[in-house]
């Protein structure tokens, strides 16, 4: 598990998650998560947990603007 702190307006570098699902728990702020399958967008609000399927090409490429936010990531 990892604790990730993203500064206001920050973005994650597009990356791959091969062979496993990833869960994100947003502790503060809002986060916009995109993945390649059908370019589906999903906003995850504070204190919610969402899972992405093991698509092999999942990428979390854009974080929502606003206050800094913290995410807890685990697989």
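Residue numbers (my numbering): 6 to 80. For every residue, glycine included, the Cβ atom is placed at its ideal position computed from N, Cα and C.
Outcome for residue i when other beta-carbon atoms lying within 10 angstroms are tallied against a minimum of 16
i          : result
residue 28 : exposed
residue 36 : buried
From the options, residue whose alpha carbon lies closest to that of residue i
i          : options       : result
residue 8  : 38, 31 and 35 : 31
residue 13 : 39, 33 and 38 : 33
Per-residue DSSP class, three states only, for residue i
i          : result
residue 26 : coil
residue 39 : strand
residue 12 : coil
Beta-bridge partners of residue i, as assigned by DSSP
i          : result
residue 18 : Beta-bridge pairing links residue 18 to no other residue.
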